[in-house]
Each structure stands twice: as structure tokens, then as C-alpha cells.
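Colleague: So for the sequence shown, the numbering used here puts the first residue at 4; every next one is plus one.
Don't be surprised by glycine CBs; every beta carbon is placed ideally from N, CA and C.
None of the values given here were measured: they were computed from a predicted structure.
Starting off with a structure, shown below.
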Amino acid sequence: MEKIKNKEFRSQQVAGHFSGLEPGKDGRAEICGALPGSGDKIPEVSIAIPIYNEEKGVEKTVRNLVRVFENNKADYQLVLVNHGSWDDTESIINRLGKENNKLKIINLPKNLGYGGGIMHGLDNSDGKIIGFTCADEEVSAEDVYKIYDSLIKNPVDAAKTKRIKRKDGAFRKLTTFVFNTLIFMRFRLKIKDINGYPIFMKRELYPSVRAKEKTYLFNLDFLINMTKKNYRILEIPIIHQKRETGKSFMRLLRIVEMSMGLLYYSIKFRR
Numbered sequence: 004m005e006k007i008k009n010k011e012f013r014s015q016q017v018a019g020h021f022s023g024l025e026p027g028k029d030g031r032a033e034i035c036g037a038l039p040g041s042g043d044k045i046p047e048v049s050i051a052i053p054i055y056n057e058e059k060g061v062e063k064t065v066r067n068l069v070r071v072f073e074n075n076k077a078d079y080q081l082v083l084v085n086h087g088s089w090d091d092t093e094s095i096i097n098r099l100g101k102e103n104n105k106l107k108i109i110n111l112p113k114n115l116g117y118g119g120g121i122m123h124g125l126d127n128s129d130g131k132i133i134g135f136t137c138a139d140e141e142v143s144a145e146d147v148y149k150i151y152d153s154l155i156k157n158p159v160d161a162a163k164t165k166r167i168k169r170k171d172g173a174f175r176k177l178t179t180f181v182f183n184t185l186i187f188m189r190f191r192l193k194i195k196d197i198n199g200y201p202i203f204m205k206r207e208l209y210p211s212v213r214a215k216e217k218t219y220l221f222n223l224d225f226l227i228n229m230t231k232k233n234y235r236i237l238e239i240p241i242i243h244q245k246r247e248t249g250k251s252f253m254r255l256l257r258i259v260e261m262s263m264g265l266l267y268y269s270i271k272f273r274r
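Here it is as C-alpha cells:
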């Protein structure tokens, strides 16, 4: 893990409220008003968002999610988990949290890994439906809502994305194809896109499927636990967007490390 620059961190939760979002001249959302807080009412849906050094894009992601879920009159909660960031992510989400009491802000000093950040968010989610997405907007806010809406309108236990028309390059597409093929051969999961997100599920099911893996294998472990319980999982085709800010850490060496990790997981796996 990269060395973290000197910075004082603290675990905290801050809240406020913003509403009435409209696009500005540059297409980004702007704060146009404020409404009273929603009190202690349990939200219909909580969305956990792990964040690591996303200062350039996290505000746009949050505002788009707020706009879409409020336009659809959904009673939502966003759980923003900033874990180990050394850029300006913390101050950005703290400001957003003070403006919107439907945002739960969590700042942690250490990076928890891909799965660790997600689980920390899910563990701190209050909604009747819980799920997660990422802060890079590779899945649009409209499609995040689409996955949630598909869960509540169909007789299933969970709903997730199946990424199509991906715009993240041939190398990533090949990596995903090989990864999914190997997983099918070893575990016989009837899931087309293991790492497709967001994933939403009924809150009462979460304790029985909570993953142990905190790395990139989180999705696999999570979905295997679901299939062991015979939970019904609905996959929805979603156009995968190109990442606008930040960068992917997928490199050849990383592929080798992931392959070795998958081999180790496969060996220790027991049905």
C-alpha cells in the first residue's frame, strides 16, 4: 500500500440536508435549497459507497445519486466510507454531509481494501434494502436506481448489474472474461458478471451472507454465500461507463496477483 502523507484523521459521522438539485451551466448539480431532516425514520434503501482518493469525482457521484433518488421520490441513505484517502476527499464529503442528513459520513485512517470498505458501509447501513456501488460513476446514478427498482418490483432476494458495452478497454474486458470463466469452471456459479455492481439485497439476509474476503474477491465470496442459501439473484444488463476521473490499478502484475489469490481461494473453498 502506498505511503500515506501526514494528515490527521478521525472517525466521524456528520449530517445535514440538501435538496432541490438542478444542473448548473457545466452540467453538474448545484445546491438550490434545503429541507428539514427526516428524523429517525428508517430509510427504504441504503447505498454504501467506499471511497479512496476520489477528490475529483466523488462530489459529482454523490450529487447525481441524490438527484436521481429524490426525483424518483425514494427514501434513501448514502453511506460514504472514506478509508485511507490522503487527498481532499474527507473535506469534500464532510461538507456534503453537513448539507444533507441522508448522508452518513464515515472517515477512517486506514484503507480497508475493496471488500473491507464495502462491508464497513453495509454494516453501518440503516435501510430496509441495502447495497453498494462505487464512487467513480462507471455505473450511472440512473442505473443504480434501476437495479434497486428491479429488486423491489421482482420476486427476488437480490439484484445486481451485468455490465455490457464496457468502455474500460480491451485489456479489462479480457481480464473480466478470463476471471468469470475460471470462476464458472471452479464454482459453477450461474452468474454472468461476478464483479458487476451495484448489488442490492434485502437487509434481513445480509448477516447470513456477509463475506470474509476483504480483497477483490469480496464479490465472489459474497455471491457464493448467497447461492449457498439458494437466494434468488437477478442480473440486469447495464451499459458500463468510462471512468471520468482517477485511474484504474489494473496492471499485468496485478493480474498475476489476482490469479494467485483466486487459486488460493479455490483451494481453501469448501461447499
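How close, in whole Å, do the beta carbons of I109 and I132 come, if the pair is a contact with beta carbons under 8 Å?
Modeller: That pair is no contact at about 19 Å.
Colleague: Under the three-state reduction of DSSP, which class applies to P53: helix, strand or coil?
Modeller: In the structure shown, P53 sits in a strand (DSSP, three-state: E or B).
Colleague: Which class does I197 belong to by DSSP, given the choice of helix, strand or coil?
Modeller: Correct three-state label for I197: coil.
Colleague: List the residues that DSSP assigns as beta-bridge partners of I270.
Modeller: DSSP, once it has assigned bridges, lists no residue as partnering I270.
Colleague: For the structure I just gave you, are there three or more beta carbon pairs, one from the stretch 86–100 and one from the stretch 56–70, closer than 8 Å?
Modeller: The stretch 86–100 vs the stretch 56–70: in contact.
Colleague: Would N157 be called buried (16 or more neighbouring beta carbons within 10 Å of its own) or exposed?
Modeller: Label assigned to N157: exposed.
Colleague: Sort K205, K231, P53 by Cα distance to G130 and report the nearest one.
Modeller: When each option's Cα is compared against that of G130, the closest is K205.
Colleague: Counting only the same chain and skipping the five closest in sequence on each side, list residues whose C-beta sits under 7 Å from that of L99.
Modeller: Cβ neighbours of L99 beyond the five flanking positions: E62, V65, L106.
Colleague: My assumption, with CB atoms under 8 Å, is that V82 sits in contact with I50. Please give the rounded CB distance.
Modeller: Indeed they touch by this definition, with Cβ atoms about 7 Å apart.
Colleague: Under a Cβ-count criterion, where at least 16 other Cβ atoms within 10 Å of its own Cβ denotes burial, should P201 be classed as buried or exposed?
Modeller: By the 10 Å Cβ count, P201 comes out buried.
Colleague: If you drop the 5 nearest sequence neighbours on each side, which residues of the same chain put their C-beta closer than 7 Å to that of A162?
Modeller: If we look at A162 and ignore the five residues flanking it on each side, its Cβ neighbours are I150, S153, L154, F203, L237, I239.
Colleague: Going straight from the alpha carbon of H243 to that of I270, what length do you get?
Modeller: So the two alpha carbons sit approximately 32 Å from each other.
Colleague: Between P53 and G120, how many whole angstroms is the CB-CB distance? I'm expecting something under 8 Å.
Modeller: With 8 Å as the limit, P53 and G120 qualify as a contact, their Cβ atoms being about 3 Å apart.
Colleague: Can you list, in chain order, the residues of its chain with a C-beta nearer than 6 Å to that of L223? Leave out the 5 residues immediately preceding and following it.
Modeller: I197.
Colleague: For G130, which of helix, strand or coil comes out of DSSP?
Modeller: DSSP places G130 in coil when its eight states are reduced to three.
Colleague: Using DSSP with H/G/I as helix, E/B as strand and the rest coil, what is T184?
Modeller: Helix at T184.
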